[in-house]
Amino acid sequence: MGLRLQKATIWDLKPLAKLHFAVFLEIDLFERRLYPDGLTKKLLDETFEKWRPAIENEEKQIWMKMVAPNGTIVAYARWWIDGQEDLAVEEPPPHTEGASDDQVAAEDLQDESHKLSTESMAAHIKEEKYLFLAPLITAAGYRGQGCGKTLLKWGSEYAKEHGLQCYLLAIPGAKEFYLKHGFEVLGSSGGDLARGTGRGGGAKPLENTLMRLI
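Position one of the sequence shown corresponds to residue 337 (this note's numbering), numbered consecutively onward.
Here it is as structure tokens:
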């Protein structure tokens, strides 16, 4: 039995969170700056509570996973069924309690990057309702085995079946993958201006490229 595509449920949230942080703490220096202690039990519990309402709201989000023969989740994709109301720039959340000065500066940069990405999306996305991918993640040992392709194919087919345009924000290392699988570039956002602020020093947010399924 090979890798299986399945719908994720609330019972998968902690394994999904562990996979999420394992990958981003590996590939993104800025993520390590935001979470210098890595995935602590406190952060895992907070992520579970934050994600729980989202995965339970099946009218707005669909989470799909790739499962290895031993039952381990090795990849996942989070598909958002969004509308124009979701493109509003929200007030940033409060700083993490007890955060260091560097973490506070990093959180400010993250908020700024998110704001710029949202503004870029609002400038390009005109559909009243659309499908948005954020994120698509594959464990290090399973990259190149078709997990991302399978998850992306599922979302693309769902979008077509439901008459939805499909969008995503790609980090630098993923852009070529999405171009290869039928997406086009609409514009970049987030990283450049955040890098230019000069606040806090250290790693900055990755630049995001807004892409659309052709």
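We treat Cβ as the ideally placed atom computed from N, Cα and C, and that holds for glycine.
Is the beta carbon of residue i less than 8 Å from the beta carbon of residue j?
i	j	result
LEU469	LEU500	no
PHE519	ARG548	yes
GLY491	ALA413	yes
LEU370	LYS350	no
LYS465	ILE391	no
ALA475	LEU355	yes
LEU423	ILE461	yes
LEU546	CYS502	no
LEU472	GLY480	no
Classify residue i as helix, strand or coil using the three-state DSSP reduction.
i	result
ASP444	helix
ILE409	strand
ILE417	strand
LEU467	strand
THR486	helix
THR432	coil
LYS350	helix
ALA404	coil
GLY527	Low local confidence applies: a pLDDT of 49 at GLY527 is under 50, so the model's placement there is unreliable, with the coordinate-based value given in what follows. Three-state result, GLY527: helix.
GLN439	helix
LEU375	coil
ALA358	helix
ALA424	coil
THR345	coil
LYS540	coil
ILE391	helix
ILE363	helix
Rank the options by C-alpha distance to the C-alpha of residue i and give the top, closest one.
i	options	result
LYS451	TYR478, PRO429, TYR466, ILE398	PRO429
GLU455	GLY523, PRO372, LEU542, LEU380	GLY523
ALA539	LYS354, LEU365, LEU349	LEU365
LYS401	GLY482, TYR466, GLU448	GLY482
THR408	ASP348, ASP447, PRO389	ASP348
LEU375	HIS460, PRO508, PHE357, ALA441	PHE357
GLU433	GLU382, ILE363, LEU339, LEU488	GLU382
ILE346	GLU362, LEU339, ASN393, PHE360	ASN393
LEU341	VAL359, ILE550, THR486	THR486
GLU463	ALA495, SER453, VAL440, GLN446	ALA495
VAL559	LEU339, ALA459, HIS431	The requested residue 559 does not occur in the structure, where the chain is confined to residues 337 to 550.
GLU448	VAL521, LEU542, TRP387	LEU542
GLN420	ALA458, ASP373, GLU395	ALA458
GLU385	LEU352, ASP438, PRO508, GLU497	LEU352
LEU488	ARG388, LYS516, LEU361	LYS516
Name, in chain order, the residues that DSSP records as bridge partners for residue i.
i	result
THR383	Partner(s): none; THR383 has no beta bridge.
GLU302	Nothing in the structure corresponds to residue 302, since the chain is present only between 337 and 550.
ARG340	VAL403
ALA473	In the sequence under discussion, the amino acid at residue 473 is Ile, which differs from the Ala named in the question. Answer by DSSP bridge pairing, in chain order: TYR412.
GLN397	TRP416
GLN501	TYR466
ALA506	THR545
So with Cβ pairs under 8 Å, would you call residue i a contact of chain B?
i	result
ASP418	The structure shown contains no chain B; it holds only a single protein chain.
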